[in-house]
Amino acid sequence: MQYNVPSMRIKIPTTKHREVLDITERLNDLARAQNFCEGLCHLFILHTTAAVTTADLDPGTDLDMIDAFTGMIPHRRYRHPHNPAHVGDHILSSLIGTSLTVPIVNGRLLLGAWQRVVLIELAGPREREMEVRFAS
Amino acid sequence: MQYNVPSMRIKIPTTKHREVLDITERLNDLARAQNFCEGLCHLFILHTTAAVTTADLDPGTDLDMIDAFTGMIPHRRYRHPHNPAHVGDHILSSLIGTSLTVPIVNGRLLLGAWQRVVLIELAGPREREMEVRFAS
Amino acid sequence: MQYNVPSMRIKIPTTKHREVLDITERLNDLARAQNFCEGLCHLFILHTTAAVTTADLDPGTDLDMIDAFTGMIPHRRYRHPHNPAHVGDHILSSLIGTSLTVPIVNGRLLLGAWQRVVLIELAGPREREMEVRFAS
Numbered sequence: 195m196q197y198n199v200p201s202m203r204i205k206i207p208t209t210k211h212r213e214v215l216d217i218t219e220r221l222n223d224l225a226r227a228q229n230f231c232e233g234l235c236h237l238f239i240l241h242t243t244a245a246v247t248t249a250d251l252d253p254g255t256d257l258d259m260i261d262a263f264t265g266m267i268p269h270r271r272y273r274h275p276h277n278p279a280h281v282g283d284h285i286l287s288s289l290i291g292t293s294l295t296v297p298i299v300n301g302r303l304l305l306g307a308w309q310r311v312v313l314i315e316l317a318g319p320r321e322r323e324m325e326v327r328f329a330s
Numbered sequence: 195m196q197y198n199v200p201s202m203r204i205k206i207p208t209t210k211h212r213e214v215l216d217i218t219e220r221l222n223d224l225a226r227a228q229n230f231c232e233g234l235c236h237l238f239i240l241h242t243t244a245a246v247t248t249a250d251l252d253p254g255t256d257l258d259m260i261d262a263f264t265g266m267i268p269h270r271r272y273r274h275p276h277n278p279a280h281v282g283d284h285i286l287s288s289l290i291g292t293s294l295t296v297p298i299v300n301g302r303l304l305l306g307a308w309q310r311v312v313l314i315e316l317a318g319p320r321e322r323e324m325e326v327r328f329a330s
Numbered sequence: 195m196q197y198n199v200p201s202m203r204i205k206i207p208t209t210k211h212r213e214v215l216d217i218t219e220r221l222n223d224l225a226r227a228q229n230f231c232e233g234l235c236h237l238f239i240l241h242t243t244a245a246v247t248t249a250d251l252d253p254g255t256d257l258d259m260i261d262a263f264t265g266m267i268p269h270r271r272y273r274h275p276h277n278p279a280h281v282g283d284h285i286l287s288s289l290i291g292t293s294l295t296v297p298i299v300n301g302r303l304l305l306g307a308w309q310r311v312v313l314i315e316l317a318g319p320r321e322r323e324m325e326v327r328f329a330s
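These protein sequence lines map, in sequence, to chains A, F and S. Just so you know, we're using this note's numbering here: the first sequence kicks off at 195 and counts up by one. Just so you know, we're using this note's numbering here: the second sequence kicks off at 195 and counts up by one. Just so you know, we're using this note's numbering here: the third sequence kicks off at 195 and counts up by one.
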């Protein structure tokens with residue numbers, strides 16, 4: 195077994211309680227810095243109250259997403275001992291997901307016309323950490 | 195770094211506003227055409243109003259899925275400037291997900307007895323594009 | 195094309211109708227048994243009524259997750275011929291997801307402080323099968 199690329203950890207500061215952050219150009223910069231041209235970009239976020247996915251980011255759509263995700267969580271009497279108010283954050287992280295794999299072509303993420311790679315902050319503001327692996 | 199396999203783009207025409215399309219055999223055909231036997235199949239859909247996942251497709255379950263996904267999106271006054279009616283489509287795409295990794299064994303996708311790989315169309319009919327990467 | 199690692203299938207018995215099972219140490223044991231140190235762990239669950247994701251598992255949070263997921267599925271007249279009561283199980287499996295990719299560092303899954311890899315059982319108790327691939 196041969197290990198192809200160094201592991202990379204990026205730190206992403208968030209500024210609101212809940213927000214959708216476009217991290218596409220951060221990742222493109224990382225691919226360029228690694229001189230990585232063709233393959234796959236594997237993302238993994240090291241948290242239980244944040245998520246990673248792709249999204250449309252027409253103005254206001256980030257706030258629409260936060261509203262919709264918040265509204266989807268049923269109001270229940272939750273058990274979570276640390277802070278029951280965090281239960282919705284944890285559930286959305288598990289549901290939206292913490293890993294994402296995106297193709298790389300010509301040194302950039304291959305995305306649809308309106309598609310962006312986003313970090314979804316569910317319990318900020320905090321500094322979030324994401325592991326990035328380029329694999330060819 | 196060595197690039198193992200060519201990138202492949204497939205086009206998938208959809209025929210309804212919302213539908214669940216079984217793409218398993220399309221992917222098996224692609225593995226056969228590439229003479230690809232063992233490894234992983236990475237899928238990525240290049241859109242913000244479609245998704246890729248696995249599903250049970252007993253007759254009628256595709257329509258059940260569409261009903262349930264549609265019913266999960268809260269009714270809010272959304273901001274999206276292009277077309278607020280699209281907000282639910284975008285949110286479901288981000289939530290269900292746009293990347294999927296499936297093992298390949300003996301030249302075919304490794305799936306459970308009733309499990310199929312599906313494209314979920316949320317704002318069709320359109321021609322959708324999916325990037326397919328086989329990695330060993 | 196070169197195939198790096200053998201395919202591994204693990205069996206995970208579940209004990210309840212719906213539950214969240216921590217499989218992190220099972221996977222760490224598997225990495226150790228394979229002498230696998232650095233790379234990625236690709237997981238795929240071979241079922242349509244189970245899912246795999248990451249989660250916070252503070253005491254009670256597993257039950258909170260099950261409550262919330264159950265409460266999110268709209269009550270509709272579903273069509274599924276085998277057993278309409280299963281529709282929610284299938285939808286949650288497709289929505290939470292059946293594939294997950296986690297980095298491996300120093301022979302162990304790289305996770306956040308409170309983050310665990312979990313199998314979500316939606317129609318147990320059963321013995322579940324998961325395909326595990328380590329890729330470097």
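Backbone N, C-alpha and C define an ideal beta-carbon position, used for all residues, glycine too.
R327 of chain A, buried or exposed, once every other Cβ within 10 Å from all chains shown has been counted against 16: Buried, because 16 or more other Cβ atoms sit within 10 Å of the Cβ of R327 of chain A.
Where the beta strand (DSSP E) containing T248 of chain A begins and where it ends: 244 to 250
Chain-order list of residues whose beta-carbon lies under 7 Å from that of Y197 of chain F (same chain, five-residue window excluded): Bear in mind that a pLDDT of 47 at Y197 of chain F, under 50, signals an unreliable position, so the model cannot answer this.
Closest Cα partner of V312 of chain A within the set A:P275, A:Y272, A:I260, A:E232: With distances taken between Cα atoms, V312 of chain A lies closest to A:I260.
Beta-carbon proximity of P297 of chain F to L234 of chain F, cut-off 8 Å: In this structure, P297 of chain F places its C-beta atom within 8 Å of the C-beta atom of L234 of chain F.
Per-residue burial, R226 of chain F [other beta carbons within 10 Å of its own, 16 or more giving buried]: exposed
Any chain F beta carbon closer than 8 Å to L221 of chain A: no
Proximity test, Cβ basis, 8 Å: I290 of chain A and chain F: yes
CB contact check: D250 of chain F to chain S, cutoff 8 Å: yes
Distance CB(L289 of chain F)-CB(L240 of chain S) smaller than 8 Å: no
is_contact[E325 of chain S, chain F] using C-beta, thresh 8 Å: Between E325 of chain S and chain F, the shortest Cβ-Cβ separation is below 8 Å.
Boundaries of the beta strand (DSSP E) in which A329 of chain F is found, first to last residue: 321 to 329
The stretch 265 to 281 of chain A / the stretch 242 to 262 of chain S touching (three or more Cβ pairs under 8 Å): yes
Neighbouring residues, chain F, relative to G265 of chain A (Cβ below 7 Å): P268, R270
Sub-8 Å separation of L316 of chain F and A249 of chain F beta-carbons: no
Presumed contact (8 Å Cβ cut-off) between G318 of chain S and T218 of chain S, rounded CB distance: G318 of chain S to T218 of chain S, Cβ: 19 Å. No contact.
Anticipated Cβ contact below 8 Å, G291 of chain F with T247 of chain F, distance rounded: 6 Å
7 Å CB neighbourhood of N222 of chain F in its chain, flanking five on each side removed: R302, L303
Strand pairing of L215 of chain S, partner residues [DSSP]: S:L313
Chain F within 8 Å of T218 of chain S, Cβ atoms only: no
Any chain S beta carbon closer than 8 Å to A262 of chain F: yes
Of the residues F:E321, F:F238, F:E213, the one placed nearest S293 of chain F, counting alpha carbons only: F:F238
Chain S contact for H211 of chain A (CB, 8 Å cutoff): no
Min CB distance R320 of chain A to chain S below 8 Å: no
Assigned exposure category for R212 of chain F - 16 Cβ within 10 Å defines buried: buried
Proximity test, Cβ basis, 8 Å: P275 of chain F and chain A: Yes - at least one Cβ of chain A is within 8 Å of the one on P275 of chain F.
Proximal residues of chain F, C-beta to C-beta of F328 of chain S below 7 Å: The contacting residues do not exist; F328 of chain S stays about 11 Å from chain F at best.
Nearest neighbour of S287 of chain S, chosen from S:I267, S:N300, S:T295, S:K205 [CA to CA]: The option with the nearest alpha carbon to S287 of chain S is S:I267.
As assigned by DSSP and simplified to three states, the class of R302 of chain S: strand
Reduced DSSP secondary structure (H/G/I, E/B, other) of P275 of chain F: coil
Residues that M259 of chain F contacts on chain S, provided the C-beta gap is smaller than 7 Å: I285, S288
L240 of chain F (DSSP reduced to helix, strand or coil): coil
Pairwise C-alpha distance: K210 of chain S and I206 of chain F: 39 Å
Own chain, CB closer than 8 Å to E177 of chain S, minus 5 neighbours either side, in chain order: The structure shown does not extend to residue 177 of chain S, since chain S spans only 195 to 330, so no value can be given for it.
Inter-residue Cα distance where the pair is I314 of chain A and N300 of chain F: I314 of chain A and N300 of chain F: Cα-Cα distance of roughly 38 Å.
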